[in-house]
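Letter by letter, the sequence shown follows residues 838 to 1353 of the numbering used here.
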Amino acid sequence: MQKLVGNNIRKLRKLHGLNLDLFAEKLALSPSNLSRIERGELNINVSLLQKIAEVLGTSVQVFFTNDIQSNSSIKSHKDFTQQFRESSRYINEFSGKTFVIGFSGEIIQDNQLYALVQDINLLQSLNIQVVLVHGIRPQIDFSLNNKSAEIMVNNIRVTTKDTMEKVIDINGRIKTKIESAFSSRALSNQSSNTESKVSSGNFLTARPLGVINGIDMQFTGQIRRVDTDSIINKLNNKEVVLISPLGYSPVGDIFNLSFEQVASHVATSIKADKLIYYINHNGIHNMKGLPISELTTIKVEKLIANIERKTSPGKAPYISYSDFNILKSSMYAIKHNVPKVHLINRHVNGSIIEELFTEKGSGTIFTDHPLEIIRQAENKDVKKIHQLISPLGNKGILIDRAEEIVERDIRHFYVIEHTHDLIGCAALYKYENSIEIACFAVNTDHQKKGYGDKLLRFCEKQCKQMYGDTIFVFTTQSEHWFIEKGFVLSDKNDMPNKRKEFYQPERNSKYFTKKL
């Protein structure tokens, strides 16, 4: 097994075009140890295997397959036709919208810029307005190789006059590289036949950060104002707006800024529809190391508080300091009315396309309120509920109900919505101390994603509030699922007498009960 895992790691590394030294650097391993792992000569622990999976943009299970070249798990989970059908709703939804995309200097350092530019060009061809905010932190670190000359306060660099001269030079070179990438002829192979116009300028007015803990931060600054009108004018002119992490004061000083904060302030000022950050992992992980697909303001506040209380951002086990800063900047954007922030893996080629144009996504999405809600059904939901349950009624999985019946019983129904789409429903009918859960259905595209569990838990909570002591269901197809949720196969003769009046014996559905 050890040799199989090592061999599969090597195959995937080569499929991603990574040489041994570069891959080892991303994993913080020595090339010799990585080579021994790939040859099956060195044991590999679970945490390292998870890190390898993240860098390669795959799942841990892939490493244990016998034929990785043909295994479907390294490919998309759906064929092209289904993917395209799925993406069409997002293409229409995002047309004319404005996205701010922030990325660190590691994107340039690790030769990931060209793939990012390809994706940006594709977004623009779909009539999406794009503002890019880049970072230069690793390039500055490399330039300041004499660490004794570097002073950090709360992980913020003190930018001296000499350092600022280097920052200006580094920023100019990085900005030129990005602009050059957008001029590449290879982009003509994509849908747009013309080069993307890239525009930059002094969009940011800044002021000194001041004195922190008794230390003068000198030329490290903070944003004072964003030239919103100039940015919007360039976007309306079909240009990609490129913003560097430098700010200018009215008296002519230049200040070094955090790209994370620049991105969040720009997104807030221009009222962007989305703010997207490239980070080092497949989204944010909690304190236990588990990925978080969706975050709300309340959850982020708790996560930040836990990290700052139990450890420190520099020592938190499953989040880097830079990603922690991105998380806090995301919080600023959400609290200032940016609807959604997406945190995606910079190591996964095309992660922004997967995140934006598939239901599954590829990272963590951050909103002010939960993406899914469960609520009492309303009259406006009748048609959608009927469309959801009608195919199941035709197959005999549920009792066939006409739209008029759904409308009559609408006060009994509850629905679950995801991003404002009705994806599931259930109806509750009370018979003395027993309550039936009927019409339990989840849209096929959203099954096996936990929505059924959430809907059932909600129904059980509602049943308790209705003072029921037993819940029951009739099912022809889902008995195992209900057994897993604590239901027990019971005698139909024990069902409530009033329910017996319209029981349909020809369906031969099974009767399951559960004590609350």
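For each residue, glycine too, the CB sits at the ideal point set by N, CA and C.
Considering just the uninterrupted stretch of the alpha helix (DSSP H) at residue i, what are its terminal residues?
{"i": "residue 1073", "result": "1065 to 1073"}
{"i": "residue 1010", "result": "998 to 1019"}
{"i": "residue 1316", "result": "1316 to 1321"}
{"i": "residue 1228", "result": "1219 to 1231"}
{"i": "residue 1160", "result": "1158 to 1172"}
{"i": "residue 951", "result": "950 to 962"}
{"i": "residue 847", "result": "839 to 852"}
{"i": "residue 873", "result": "868 to 875"}
{"i": "residue 893", "result": "883 to 893"}
So, using beta-carbon positions, are residue i and residue j closer together than 8 angstroms?
{"i": "residue 1199", "j": "residue 1182", "result": "yes"}
{"i": "residue 990", "j": "residue 1060", "result": "no"}
{"i": "residue 969", "j": "residue 1083", "result": "no"}
{"i": "residue 950", "j": "residue 944", "result": "yes"}
{"i": "residue 976", "j": "residue 939", "result": "no"}
{"i": "residue 1104", "j": "residue 937", "result": "yes"}
{"i": "residue 931", "j": "residue 1193", "result": "yes"}
{"i": "residue 1308", "j": "residue 1253", "result": "no"}
{"i": "residue 973", "j": "residue 1011", "result": "yes"}
{"i": "residue 934", "j": "residue 889", "result": "no"}
{"i": "residue 1306", "j": "residue 1270", "result": "yes"}
{"i": "residue 1115", "j": "residue 992", "result": "no"}
{"i": "residue 953", "j": "residue 1190", "result": "no"}
{"i": "residue 1324", "j": "residue 1301", "result": "no"}
{"i": "residue 1203", "j": "residue 1229", "result": "no"}
{"i": "residue 928", "j": "residue 971", "result": "no"}
{"i": "residue 868", "j": "residue 855", "result": "no"}
Cα-Cα, which of the options is closest to residue i?
{"i": "residue 1074", "options": "1049, 1066, 1080", "result": "1066"}
{"i": "residue 782", "options": "1008, 928, 1219, 895", "result": "Residue 782 is absent from the model: the chain starts at 838 and stops at 1353."}
{"i": "residue 844", "options": "901, 862, 868", "result": "901"}
{"i": "residue 1208", "options": "1178, 1232, 1062, 1226", "result": "1178"}
{"i": "residue 876", "options": "1135, 890, 848", "result": "848"}
{"i": "residue 1120", "options": "1161, 1276, 954, 1272", "result": "1161"}
{"i": "residue 841", "options": "1232, 899, 1111", "result": "899"}
{"i": "residue 1353", "options": "1058, 1303, 1205, 1334", "result": "1303"}
{"i": "residue 1107", "options": "1071, 1128, 1131, 1122", "result": "1071"}
{"i": "residue 1163", "options": "1095, 1196, 1255, 1038", "result": "1095"}
{"i": "residue 1176", "options": "997, 1017, 1132, 1042", "result": "1132"}
{"i": "residue 1282", "options": "1258, 1157, 1159, 1056", "result": "1258"}
{"i": "residue 1090", "options": "1098, 1115, 947, 1001", "result": "1001"}
{"i": "residue 922", "options": "1195, 1333, 1221", "result": "1195"}
{"i": "residue 1332", "options": "1087, 948, 1301, 1267", "result": "1267"}
{"i": "residue 1173", "options": "1205, 1186, 1184", "result": "1205"}
{"i": "residue 1086", "options": "928, 865, 1040", "result": "1040"}
{"i": "residue 1167", "options": "1135, 1188, 1249, 862", "result": "1135"}
{"i": "residue 1055", "options": "1230, 1228, 1188, 999", "result": "999"}
{"i": "residue 1185", "options": "1118, 1155, 1233", "result": "1118"}
{"i": "residue 884", "options": "1343, 859, 1345, 1155", "result": "1155"}
Can you give me the Cβ contacts of residue i inside the same chain, cut-off strictly under 6 angstroms, excluding the 5 residues immediately before and after it?
{"i": "residue 1291", "result": "none"}
{"i": "residue 873", "result": "879"}
{"i": "residue 1295", "result": "1211"}
{"i": "residue 1028", "result": "Because the pLDDT of residue 1028 is 45, which lies under 50, any placement of that residue in the model is unreliable, and the question is left without a value."}
{"i": "residue 1337", "result": "none"}
{"i": "residue 1318", "result": "none"}
Does any C-beta atom of chain C lie closer than 8 angstroms to the C-beta of residue i?
{"i": "residue 841", "result": "Structure shown: chain C not included; a single protein chain is present."}
So residue i packs on residue j, CB below 8 angstroms; how close in whole Å?
{"i": "residue 1170", "j": "residue 1101", "result": "4 angstroms"}
{"i": "residue 1093", "j": "residue 1004", "result": "5 angstroms"}
{"i": "residue 1130", "j": "residue 1201", "result": "6 angstroms"}
{"i": "residue 1165", "j": "residue 1141", "result": "7 angstroms"}
{"i": "residue 1046", "j": "residue 1058", "result": "6 angstroms"}
{"i": "residue 1236", "j": "residue 1341", "result": "7 angstroms"}
Suppose the cutoff is 8 angstroms on Cβ atoms and the five residues either side in sequence are ignored; what does the same chain contact list for residue i look like?
{"i": "residue 1052", "result": "988, 990, 995"}
{"i": "residue 1077", "result": "957, 961, 967, 968, 969, 1019, 1033, 1034, 1035, 1036"}
{"i": "residue 1299", "result": "1251, 1265"}
{"i": "residue 1347", "result": "1311, 1312, 1313, 1316, 1326"}
{"i": "residue 1030", "result": "Note that residue 1030 scores 46 on pLDDT, short of 50, meaning its location in the model is unreliable and no value can be drawn from it."}
{"i": "residue 1279", "result": "1253, 1260, 1261, 1288, 1289, 1292"}
{"i": "residue 1272", "result": "1265, 1266, 1300, 1303, 1305, 1307, 1308, 1309"}
What residue does the beta strand (DSSP E) around residue i start on, and which one ends it?
{"i": "residue 1105", "result": "From DSSP, residue 1105 is part of no beta strand (DSSP E) but of the alpha helix (DSSP H) over 1096 to 1106."}
{"i": "residue 1212", "result": "1209 to 1213"}
{"i": "residue 1271", "result": "1271 to 1279"}
{"i": "residue 966", "result": "966 to 971"}
{"i": "residue 1182", "result": "1177 to 1182"}
{"i": "residue 1036", "result": "1034 to 1036"}
{"i": "residue 1260", "result": "1258 to 1268"}
{"i": "residue 1044", "result": "1041 to 1045"}
Output needed for residue i: all residues of its chain with C-beta closer than 7 angstroms, excluding positions within five of it in sequence on either side, in chain order.
{"i": "residue 1223", "result": "1240, 1243"}
{"i": "residue 1062", "result": "1042"}
{"i": "residue 853", "result": "893"}
Kindly examine the ligand FMN and report whether one of its heavy atoms sits closer than 7 angstroms to the Cβ of residue i.
{"i": "residue 1037", "result": "Among the components modelled here there is no ligand, and therefore nothing to report on the ligand FMN."}
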